[in-house]
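Residue numbers (the numbering used here): 1 to 92.
See structure below.
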Amino acid sequence: MSRVVARRVVVRGLVQGVNFRWWVADRARSRGVVGWAENRGDGAVEVFVQGAPDDVAAVERDVRAGPRHARVDAVEADDAEPRAGLDGFARR
1 MSRVVARRVV
11 VRGLVQGVNF
21 RWWVADRARS
31 RGVVGWAENR
41 GDGAVEVFVQ
51 GAPDDVAAVE
61 RDVRAGPRHA
71 RVDAVEADDA
81 EPRAGLDGFA
91 RR
């Protein structure tokens, strides 16, 4: 069985109102990882991504760069416990 890892990434900057969550979901789905991206009340976007180590790392690299219309000012990333039962990648 393949190893599964999870990361929690909080992205600050101009990341709400610029389709950031849709862009992250597209990147995550293309890598076959599961999780979610959600707007936080403080203006940040929180991303939880879970899957094969290389795929999770690739999505995290993408999130750190952000889409064309966003501006990523700061990123906090931590290892997280993988969660059972996740299916797909959601925008919350």
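For every residue, glycine included, the Cβ atom is placed at its ideal position computed from N, Cα and C.
Just so we're clear, the structure is a prediction, and the values are computed from it rather than from any experiment.
*Please list, in chain order, all residues of the same chain as residue 36 whose beta carbon is under 6 Å from its beta carbon, the five residues on each side excluded.*
The residue you call residue 36 lines up with position 36 of the sequence shown. For residue 36, where only same-chain residues beyond five positions count, the Cβ hits under 6 Å are 48, 90, 92.
*Could you have a look at residue 81 and say whether DSSP puts it in helix, strand or coil?*
Here residue 81 is taken as the residue at index 81 of the sequence shown, counted from 1. Three-state DSSP puts residue 81 in coil, outside helix and strand.
*Can you tell me whether residue 22 is buried or exposed, with buried defined as 16 or more other CB within 10 angstroms of its CB?*
By 1-based counting over the sequence shown, the position of residue 22 is 22. Burial call: exposed.
*Cβ of residue 70 within 8 Å of Cβ of residue 10?*
Within the sequence shown, the letter at position 70 stands for residue 70. Within the sequence shown, the letter at position 10 stands for residue 10. With respect to residue 10, residue 70 sits apart: the two C-beta atoms are not nearer than 8 Å.
*Let me know the secondary structure DSSP gives residue 24 once reduced to three states.*
Indexing the sequence shown from 1 puts residue 24 at position 24. Residue 24 falls in the helix class under three-state DSSP.
*State the DSSP-derived secondary structure class of residue 42, mapped to helix, strand or coil.*
On the sequence shown, position 42 is the one that residue 42 refers to. Looking at residue 42 - three-state DSSP - the assignment turns out to be coil, as it is neither helix nor strand.
*Could you tell me the distance, in whole angstroms, from the CA atom of residue 75 to the CA atom of residue 59?*
To locate residue 75, count along the sequence shown from 1; it is residue 75. To locate residue 59, count along the sequence shown from 1; it is residue 59. Distance between the alpha carbons of residue 75 and residue 59: 13 Å.
*Give the C-beta separation of residue 50 and residue 83 to the nearest angstrom, bearing in mind that I take them to be a contact with Cβ-Cβ under 8 Å.*
The residue you call residue 50 lines up with position 50 of the sequence shown. The residue you call residue 83 lines up with position 83 of the sequence shown. Confirmed, Cβ separation roughly 7 Å.
_Endpoints, beta strand (DSSP E) assigned at residue 7_ = Your numbering for residue 7 matches position 7 in the sequence shown. 5-14 is the extent of the beta strand (DSSP E) around residue 7.
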